[in-house]
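Written below as structure tokens is the structure these notes are about.
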Amino acid sequence: MPVPPLATRYAPALLTALAYVLTGQMALWLAAHPGYAAPLYPAAGVALASVLVYGRAALPGVALGSLIVAAVLSDPHGLQPGAALAGAVLIAAGATAQAAAGAWLMRRKLSGPGSLAEPRDALGLCLWGAAVACLVNATVAGFSLWAVNGVPATGALYAALTWWSGDALGVLIGTPIVLTVIGRPRELWVPRRLTVALPLLVVTTVLTLAMLTVAGGDWRRGLGVFERDASQAADALESGLRAPVYALEATRSLFIGSEQVTQAEMQAASEVWLRPPSDLLAVGFSRRVAKAQLAPFEAEAQADGMPGYRVFERADAAPGLTAGDDDVVAIRHILPLEPNRRALGVNTLSIPAARAAIGRATLGDAPAASAGFVLTQESGGDETGVVIYRAVYESTATPEPARRRAALRGVAFVTLRMGPVVRGLLAHMPAYLQWCLVDTDPAAPRR
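Take the sequence shown: its letters are residues 0 to 446, numbered as in numbering that gives the first Met the number 0.
Now the structure itself:
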């Protein structure tokens with residue numbers, strides 16, 4: 000018996016794979032986000048019809064076509080390549096097993112599975128080829144989504160039900176259409192192209208348009224809900240971040256009203272701003288002092304109840320950053336004291352992010368936030384902190400811009416750890432929303 004040529008031997012598998020990929024790609028357009036399953040999947044009908052006509056020779060084509068759709072054309076939903084490929088292999092195996100099971104059930108239960116000539120055969124297609132056989136890949140796909148994609152059990156169950164209904168509807172519509180092209184006997188199926196295939200194509204087109212319309216409406220409604228929730232979250236964040244600015248202005252007013260603010264006065268004034276549920280890490284004041292006057296300045300602070308007070312540079316300060324300065328801007332008051340004691344006395348001009356912000360606050364006579372940096376009071380941590388500064392001048396009246404730097408007396412400041420602050424302010428936002436705080440300055444050291 001002569002061996003058939005390769006083109007003839009592998010044609011059923013290749014044609015099945017091609018048809019599966021084309022119809023599968025079109026069906027993915029109907030898949031609503033997150034797109035795990037389509038409500039109408041004619042590729043399942045292509046697979047069943049091919050196996051009914053060509054037998055086991057078509058199964059490799061079903062496997063290949065399903066693998067291409069699942070691994071290449073589908074959205075991997077942020078999975079690692081290995082996990083995405085594992086899920087695609089499981090789904091391809093499920094699609095192949097489903098087509099084989101559907102063909103086996105129809106051959107076993109129906110008198111003419113390839114012709115569908117009798118009403119009983121058409122009902123058998125609905126029951127065995129669609130309702131029962133399509134449970135196979137829906138079960139495999141649901142397990143894959145749960146085990147590989149990490150979809151919650153309820154989400155995987157909903158996707159499995161959608162998968163089953165989409166495959167079943169695809170079998171009911173796709174199988175008769177494909178059989179009018181490849182079905183045997185030819186003299187039975189060719190005349191049905193007008194009586195069966197054309198009406199089913201019209202129904203499919205109308206059904207697809209209806210699904211796209213509904214999906215578009217759902218997408219617009221979902222977008223509206225997202226925009227509303229995101230706007231509310233942004234408003235809550237903006238409103239919450241006003242409190243640190245209020246604390247900053249109140250602290251500045253204290254130093255405008257008095258040239259000699261004691262540690263006790265500072266503690267009493269800042270108590271209301273540091274009371275829970277405040278997100279402020281610190282409230283304080285940094286004094287501008289000539290380097291020649293550091294000794295009496297340190298002695299004054301020590302006499303004010305801070306024994307051992309001294310002015311120092313950050314250990315990680317850039318070499319030569321403050322070498323040309325005649326003055327320091329040293330933290331004189333910082334509350335609460337104990338968790339921030341390591342920062343007491345630091346020359347903030349030795350911190351590049353703080354130095355730049357103090358310069359902006361001085362010249363602009365407005366609050367200025369630093370870029371994120373590791374705070375001096377951090378003991379081995381890596382939490383990004385932000386400090387907001389407000390300039391205090393020697394006179395109560397704000398001097399002209401050209402004189403502001405020379406008239407600077409010091410800066411009031413508030414310190415925040417932005418991660419905990421934003422987490423606290425957005426604690427009650429919907430669970431599906433996620434946030435990421437980014438410094439828009441590309442030169443920021445910790446964006």
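Note that CB positions come from ideal geometry on N, CA and C, so glycine has one too.
Item to check | Cβ shell of residue 167 (< 7 Å), same chain only, five flanking positions each side left out | outcome: Taking the first residue of the sequence shown as position 1, residue 167 is located at position 168. Cβ neighbours of residue 167 within its own chain (closer than 7 Å, five residues either side excluded): 129, 130, 133.
Item to check | DSSP-derived helix/strand/coil call for residue 314 | outcome: Within the sequence shown, numbered from 1, the residue matching residue 314 stands at position 315. Note: residue 314 maps to coil in three-state DSSP.
Checklist entry - Under the three-state reduction of DSSP, which class applies to residue 350: helix, strand or coil? => result Taking the sequence shown and counting its residues from 1, the one referred to as residue 350 is at position 351. Residue 350: coil per DSSP, three-state reduction.
Item to check | Environment of residue 433 [buried if 16+ CB atoms lie within 10 Å] | outcome: Translated into the one-based positions of the sequence shown, residue 433 becomes position 434. Exposed.
Checklist entry - How should residue 93 be labelled, buried or exposed, when 16 other C-beta atoms within 10 angstroms of its C-beta is the threshold for buried? => result Taking the sequence shown and counting its residues from 1, one reaches residue 93 at position 94. Residue 93 is buried by the Cβ-count criterion.
Checklist entry - Alpha carbon to alpha carbon, what distance is there between residue 301 and residue 308? => result Here the question's residue 308 lines up with position 309 in the sequence shown. Here the question's residue 301 lines up with position 302 in the sequence shown. Residue 308 and residue 301 have their C-alpha atoms spaced approximately 6 Å apart.
Checklist entry - Is the beta carbon of residue 61 sitting closer than 8 Å to the one on residue 22? => result Working through the sequence shown from its first residue, we reach residue 61 at position 62. Working through the sequence shown from its first residue, we reach residue 22 at position 23. With a cutoff of 8 Å on beta-carbon distance, residue 61 and residue 22 are scored as not near each other.
Checklist entry - Taking the continuous alpha helix (DSSP H) assigned at residue 408, which residues delimit it? => result Stepping through the sequence shown from its first residue, residue 408 is reached at position 409. Where residue 408 is concerned, there is no enclosing alpha helix (DSSP H), although the beta strand (DSSP E) it sits in stretches over 407–416.
Next on the checklist: For a test of your reading of the model: does the CB of residue 277 fall under 7 Å from any non-hydrogen atom of the ligand ZN? Yes or no.
Outcome noted: Among the components of this structure there are no ligands whatsoever, and the ligand ZN is therefore not found.
Checklist entry - Terminal residues of the continuous beta strand (DSSP E) containing residue 214? => result One-based indexing of the sequence shown puts residue 214 at position 215. Counting along the chain, residue 214 falls outside any beta strand (DSSP E), though it belongs to the alpha helix (DSSP H) covering 197–239.
Item to check | Per DSSP, the bridge partner or partners of residue 512 | outcome: Residue 512 falls outside the range modelled here, since the chain spans only 0 to 446, and no answer is possible.
Checklist entry - Which of helix, strand or coil does DSSP assign to residue 247? => result Within the sequence shown, residue 247 is the residue found at index 248, counting from 1. It is helical.
Checklist entry - Nearest to residue 39 by CA position, among 28, 48, 46, is which residue? => result Counting from 1 along the sequence shown, the entry for residue 39 is found at position 40. Ranking 28, 48, 46 by Cα distance to residue 39 puts 28 first.
Checklist entry - Is the beta carbon of residue 339 sitting closer than 8 Å to the one on residue 267? => result Mapped onto the sequence shown, residue 339 falls at position 340. Mapped onto the sequence shown, residue 267 falls at position 268. No, the pair does not count as a contact, with Cβ atoms beyond the cut-off.
Item to check | Close beta carbons around residue 403, own chain, < 8 Å, minus the five adjacent residues each side | outcome: Indexing the sequence shown from 1 puts residue 403 at position 404. Sequence-distant Cβ neighbours of residue 403 in its own chain, meaning closer than 8 Å and more than five residues away, are 361, 362, 364, 390, 392, 397.
Checklist entry - In the structure shown, what three-state DSSP assignment does residue 383 receive? => result Looking up residue 383 in the sequence shown gives position 384. In the three-state scheme derived from DSSP, where H, G and I count as helix and E and B as strand, residue 383 is classed as strand.
Item to check | Range of the contiguous alpha helix (DSSP H) that encloses residue 136 | outcome: As a working note, residue 136 is residue 137 in the sequence shown. Its alpha helix (DSSP H) spans residues 134–146.
Checklist entry - Apart from the five residues on each side of it in sequence, which residues of its chain come closer than 7 Å, Cβ to Cβ, to residue 423? => result Your numbering for residue 423 matches position 424 in the sequence shown. Cβ contact annotation for residue 423 (same chain, cutoff 7 Å, sequence separation greater than five): 278, in chain order.
Checklist entry - Among all the DSSP beta bridges, which residues are the ones paired with residue 388? => result The residue labelled residue 388 in the question sits at position 389 within the sequence shown. Bridge partners of residue 388: 367, 412.
Checklist entry - Do you know offhand how far residue 425's Cα is from residue 297's? => result Taking the first residue of the sequence shown as position 1, residue 425 is located at position 426. Taking the first residue of the sequence shown as position 1, residue 297 is located at position 298. Their backbone Cα atoms lie some 42 Å apart in a straight line.
Item to check | Span of the alpha helix (DSSP H) around residue 431 | outcome: The sequence position of residue 431 within the sequence shown is 432, counting from 1. Per DSSP, residue 431 belongs to no alpha helix (DSSP H) and is neither H nor E.
Next on the checklist: So within the stretch 149–201, which uninterrupted alpha helix (DSSP H) runs reach at least 4 residues, ignoring any that extend past its ends?
Outcome noted: If we require 4 residues or more, the alpha helix (DSSP H) runs fully inside the stretch 149–201 come out as 152–181, 185–188.
Checklist entry - Where does residue 253 fall in DSSP's three states? => result The residue given as residue 253 occupies position 254 in the sequence shown. Residue 253 falls in the helix class under three-state DSSP.
Item to check | residue 144 beta carbon less than 8 Å from that of residue 158 | outcome: Looking up residue 158 in the sequence shown gives position 159. Looking up residue 144 in the sequence shown gives position 145. It is a contact, given that the beta carbons lie within the stated cut-off.
Item to check | Cβ distance (whole Å) where residue 328 is taken to contact residue 357 below 8 Å | outcome: Within the sequence shown, residue 328 is the residue found at index 329, counting from 1. Within the sequence shown, residue 357 is the residue found at index 358, counting from 1. Approximately 6 Å separates the beta-carbon atoms of residue 328 and residue 357; this is inside 8 Å, confirming the contact.
Next on the checklist: Taking the straight line between their C-alpha atoms, what separation do you get for residue 249 and residue 243?
Outcome noted: The residue you call residue 249 lines up with position 250 of the sequence shown. The residue you call residue 243 lines up with position 244 of the sequence shown. In a straight line, the C-alpha of residue 249 is about 10 Å away from that of residue 243.
Next on the checklist: Can you tell me whether residue 2 is buried or exposed? The criterion is at least 16 other CB atoms within 10 Å of its CB, across all chains shown.
Outcome noted: Here residue 2 is taken as the residue at index 3 of the sequence shown, counted from 1. Any answer about residue 2 is weak, because its pLDDT of 49 lies below 50 and its placement is not dependable; what the coordinates show is given next. Exposed, by the Cβ-count rule.
Next on the checklist: Please report the straight-line C-alpha distance between residue 429 and residue 252, rounded to a whole angstrom.
Outcome noted: Your numbering for residue 429 matches position 430 in the sequence shown. Your numbering for residue 252 matches position 253 in the sequence shown. Residue 429 and residue 252: Cα-Cα distance of roughly 39 Å.
Item to check | Between the CA atoms of residue 11 and residue 99 - distance to the nearest angstrom | outcome: As a working mapping, residue 99 is identified with position 100 in the sequence shown. As a working mapping, residue 11 is identified with position 12 in the sequence shown. About 15 Å.
Next on the checklist: Taking the beta carbon of residue 431 as the centre, do at least 16 other beta carbons fall within 10 Å, making it buried, or is it exposed?
Outcome noted: Residue 431 sits at position 432 when you count from the first residue of the sequence shown. By the 10 Å Cβ count, residue 431 comes out exposed.
Next on the checklist: I'd like to confirm the pairing. Which residues does DSSP put opposite residue 279 in its beta bridges?
Outcome noted: One-based indexing of the sequence shown puts residue 279 at position 280. 415.
Item to check | N-terminal and C-terminal residue of the alpha helix (DSSP H) that residue 105 is part of | outcome: Counting from 1 along the sequence shown, the entry for residue 105 is found at position 106. Unbroken alpha helix (DSSP H) run through residue 105: 80–108.
Next on the checklist: According to DSSP, is residue 345 part of a helix, a strand, or is it coil?
Outcome noted: Position 346 of the sequence shown, counted from the first residue, corresponds to residue 345. Residue 345 falls in the strand class under three-state DSSP.
Checklist entry - Tell me, which residues are paired with residue 373 by DSSP? => result Here residue 373 refers to the residue found at position 374 of the sequence shown. For residue 373, which the question treats as bridged, DSSP gives the partners 383.
Checklist entry - Among residues of its own chain, excluding the 5 on either side of residue 191, which ones have a beta-carbon nearer than 6 Å to its beta-carbon? => result Taking the sequence shown and counting its residues from 1, one reaches residue 191 at position 192. Answer for residue 191: 179, listed in chain order.
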